[in-house]
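With our numbering as the guide, the letters of the sequence shown map in order to residues 98 to 603.
Working notes, structure below.
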Amino acid sequence: MKLKAFILAAAAVAFTPAISTQAATATQIVAFQKDAKAAHVKQMHRVFALLGSGNYAGAWQEQLNLEKMMAADHQAYERALYPLYDLSNAMFMACPSRQGVSMQQDPLQAIQLVRNVYVRGVGIEDANKFLGADDIELSIDIIKNMVEKQLIEDVKATHTADAYRELLTVLDNNHPAYKYAAEQVAILEFDESCKTVAGCHAYLRNYPNSPLIEKAKAQLLKLEFTHAKEVNDEKTWNKFISDYQFVSEASTQVGEARKALTHLQETRLCNKATTLAELDDYASSHRRDVANRVFVAYDNLVNLPTHSYRFMSLKLNFNGFVGSVDETITETSGTVTLNRYKFNAQGLLTEAYNGHTRVLTQYTYAYDAKHGYYLVGKKEKGKSYAYKCTYGANGRLSRITCTDGQVINFTYDADGRITERNEIIAGGKNRKSTYKSGKIRTEKTGGTLLKFLRYDGSRATQITSEKGKTKYVWNYTYTTNESGQWTRVAATLNGKPRLTITRTYH
């Protein structure tokens, strides 16, 4: 058998014969074998003999003659010749160079006709006997391969994603061209899909084995980074950092994203209207950065003496509360002490009434963009005192002095967390406190050493007091409200109830 190679060529449509569209019964389909000498069967034989030799022009003329014979009852002849009539039409639809064939070229329709023969599964053996004649030397498999070859060449010439997708619908998964077609779909879809963020995401989902998968990831990174810069808000930068912080190829973009995010956060939080609660929330939910001005403002504020409240050196935070607080300390001896605190709109302590000494202290503050809020002065017992805050090169509070004689010096670690606090308190006594990870660990005043041994979050739950050979152990149990503020503390001393502290927030 001599068959010329298939090549793609356009053709004018001069005639389009009817194509078999439904399966007939087995008795109808094998009619051409029962009546092999019938004129229409012989004519079909002549068509395939010429097709087998590669003479498509001659075969087409014989096909037209066959059409004339079938004109009286086309459907009946189709059934009588099935599947031969469909197979010849498939070859003409996939005819290379047209070679005198005026049927519309459609290799996709051609392969579908051939595949239908396999799907129906009837008449195949008889058709192969017919096609295997010495002057034909064809088979359904040979025709299928010829049509597939032409379809593949046609698709390659068209070279569109849709064409390759259609090819995948008719090729078997194990066909040598199947993988190539799948790759071409992925490659062509890349240019079309990866123009937008959504398109890139869809591409990565749909083509996980694409040879361009890394290119698609790089394109997605570029598009998402560009999108984040255009939107330039905290939510978008946070998502970008979350998505790419562990992607080594995105380290440069993540670094720039962190800088942009920090700038936005500093703009939002480093201003006079910002509350202590907002700063506290930020500090507890973000990675500490020594250069971040938000952390500088937060540290400078919470390290002020007005924001460390103590009873027996127990740190009692108000969590940036705004309003007033009534505090009752009830000792097991029956002694009751009433304290009151007032906080302004930023959560800064403005008044503190000590029920034990019966002294009301009022505080005033000022603000600057570099350091945040700082103490200006206080009034108590009819006298006014002035504070002076000194800052280090990094903007962190390094020293506080007050005209009442109080002096506080601060030391920080490389991350900006306080590590040591040295204070000269009333009467000229020195108090030295040490910190680890922002939490107080020891405090020494004169000959008394306090050790903060256990914490529940930011709250100390066990403190020991040592002076010489004498040691006391304080344990604290907290009750909190839905806002996270504690409303009651029960304290024991050496295992025995010692006092309770209750707070009411207004």
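Ideal Cβ placement from N, Cα and C applies to all residues, glycine included.
Rounded C-alpha distance that separates residue i from residue j
i           : j           : result
residue 580 : residue 309 : 51 Å
residue 399 : residue 472 : 11 Å
residue 464 : residue 476 : 19 Å
residue 435 : residue 423 : 7 Å
residue 605 : residue 282 : No answer is possible for residue 605: the residues shown for the chain start at 98 and end at 603.
residue 363 : residue 430 : 50 Å
residue 301 : residue 276 : 18 Å
residue 557 : residue 292 : 55 Å
residue 49  : residue 320 : For residue 49 there is no data in the structure shown, the boundaries of the chain being 98 and 603.
residue 148 : residue 156 : 6 Å
residue 294 : residue 306 : 19 Å
residue 175 : residue 129 : 10 Å
residue 403 : residue 559 : 23 Å
residue 565 : residue 329 : 60 Å
residue 593 : residue 519 : 32 Å
residue 347 : residue 331 : 19 Å
residue 183 : residue 197 : 19 Å
residue 250 : residue 361 : 57 Å
residue 569 : residue 541 : 14 Å
residue 480 : residue 457 : 11 Å
residue 512 : residue 492 : 13 Å
residue 438 : residue 555 : 21 Å
residue 202 : residue 151 : 17 Å
residue 583 : residue 325 : 40 Å
residue 433 : residue 425 : 7 Å
residue 224 : residue 178 : 9 Å
DSSP-derived helix/strand/coil call for residue i
i           : result
residue 580 : coil
residue 303 : helix
residue 427 : strand
residue 553 : strand
residue 465 : strand
residue 270 : coil
residue 242 : helix
residue 392 : helix
residue 443 : coil
residue 451 : strand
residue 491 : coil
residue 233 : coil
residue 254 : helix
residue 421 : strand
residue 499 : strand
residue 276 : helix
residue 224 : helix
residue 518 : strand
Span of the beta strand (DSSP E), counted from its first residue to its last, around residue i
i           : result
residue 135 : First-last for residue 135: undefined, no H or E at that position.
residue 211 : That residue, residue 211, is in no beta strand (DSSP E); its alpha helix (DSSP H) goes 204-217.
residue 262 : From DSSP, residue 262 is part of no beta strand (DSSP E) but of the alpha helix (DSSP H) over 258-267.
residue 594 : 593-602
residue 505 : 504-509
residue 530 : 527-533
Selection from the options that minimises the alpha carbon distance to residue i
i           : options            : result
residue 549 : 454, 564, 567, 530 : 530
residue 517 : 493, 503, 502, 537 : 537
residue 267 : 255, 244, 254      : 244
residue 377 : 368, 387, 386, 391 : 391
residue 427 : 315, 484, 597      : 597
residue 524 : 192, 543, 539      : 543
residue 215 : 574, 181, 572      : 181
residue 490 : 325, 585, 508      : 508
residue 547 : 555, 532, 554      : 532
Proximity of residue i and residue j at Cβ, strictly below 8 Å
i           : j           : result
residue 595 : residue 589 : yes
residue 313 : residue 343 : no
residue 211 : residue 239 : no
residue 359 : residue 389 : yes
residue 161 : residue 141 : no
residue 604 : residue 514 : Any property of residue 604 remains undetermined from this structure, which presents the chain solely from 98 to 603.
residue 482 : residue 500 : yes
residue 265 : residue 205 : no
residue 442 : residue 419 : yes
residue 380 : residue 444 : no
residue 285 : residue 261 : yes
residue 562 : residue 545 : yes
residue 289 : residue 315 : no
residue 145 : residue 199 : no
Boundaries (first-last residue) of the alpha helix (DSSP H) holding residue i
i           : result
residue 345 : Residue 345 -> no alpha helix (DSSP H), and no H or E assigned at all.
residue 182 : 181-190
residue 156 : 153-167
residue 198 : That residue, residue 198, is in no alpha helix (DSSP H); it is neither H nor E in DSSP.
residue 312 : 310-328
residue 385 : No alpha helix (DSSP H) holds residue 385; DSSP gives it neither H nor E.
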